[in-house]
Ligand code: GRF
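In UniProt numbering, the protein residues as written are 10 to 204.
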């Protein structure tokens, strides 16, 4: 299955997917990596000679124009599956119309708990003893689409946001790699993922 990855940060999740896809037995391959800024994570693709694209909100007259440009940039690579891996923008109707049902996101909490951009900090602040990682279908909301897979991560005494997020990311990487592999046969046939 052809996968396009979207990121905004260091791209450690994207790197995990690229490493998994290096095994010819893995049922998916990353065909391009895109970002909403010149993110460091794009270097994981550049080092492997993969195409990259940057679609920055500020380069467009408004959010709707950005959304259409992002949809076109993704479509140019003819993906079977689009993976948001630390992509910190809410996609709009153009992207959802084009890729809804085969656009997934990974989130560092057990949704519906702790949605939004500060999930790890919020779980700590709430005194959660257990948190985790979620892979879900993206819909028009913020981290609200149907859950596809989840895995728990314990909160340790003395954890701060960084130590907990790093522990979550270890699980998050594996959950994403496993979930993409499970979805590959479905999306490769051009079918959408049933929630
Ligand atoms: C991941 O935990 C992702 O779920 C969250 O931000 C982190 C991205 O990490 N939205 P990286 O850029 O893949 O290292």
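No residue lacks a Cβ here, since even glycine has one placed at the ideal position from N, Cα and C.
Residue 153 is positioned such that its CB atom lies no closer than 8 Å to that of residue 118.
Taking all protein chains in view, the Cβ of residue 165 is surrounded by fewer than 16 other Cβ atoms within 10 Å, so the residue is classified as exposed.
With respect to residue 64, residue 82 sits close: the two C-beta atoms are nearer than 8 Å.
Excluding the 5 residues flanking it on each side, residue 91 has same chain C-beta neighbours closer than 7 Å at 13, 15, 83, 108, 111, 112, in chain order. Bounds of the beta strand (DSSP E) holding residue 145 are 139 to 146. Counted as a single uninterrupted DSSP element, the stretch harbouring residue 60 is not any beta strand (DSSP E), since DSSP gives it neither H nor E. Taking 8 Å as the cut-off, the beta carbon of residue 189 is found no closer than this to the beta carbon of residue 141. With a cutoff of 8 Å on beta-carbon distance, residue 114 and residue 86 are scored as not near each other.
At the C-beta level, residue 202 and residue 157 come within 8 Å of one another.
Closest in C-alpha terms to residue 122, from the list 159, 199, 69, 198, comes 159.
Judged by DSSP secondary structure, residue 93 falls within the beta strand (DSSP E) whose first and last residues are 90 to 93. Listed in chain order, the non-local C-beta contacts of residue 61 below 8 Å within the same chain comprise 41, 42, 43, 44, 51, 54, 55, local neighbours out to five positions each way being set aside. The ligand GRF never approaches residue 127 closely enough for any of its heavy atoms to be under 7 Å from the residue's Cβ. When the Cα atoms are used, residue 102 and residue 39 turn out to be separated by approximately 24 Å.
Secondary structure at residue 41: strand, using DSSP grouped into helix, strand and coil. In the structure shown, the three-state DSSP call for residue 22 is helix.
Cα atoms of residue 34 and residue 126: separation of roughly 34 Å, rounded to the nearest angstrom. Taking a contact as a CB-CB distance under 8 Å, the pair residue 10 and residue 135 does not count as one, their CB atoms being some 37 Å apart.
In terms of Cβ geometry, residue 25 and residue 138 do not form a close pair [threshold 8 Å].
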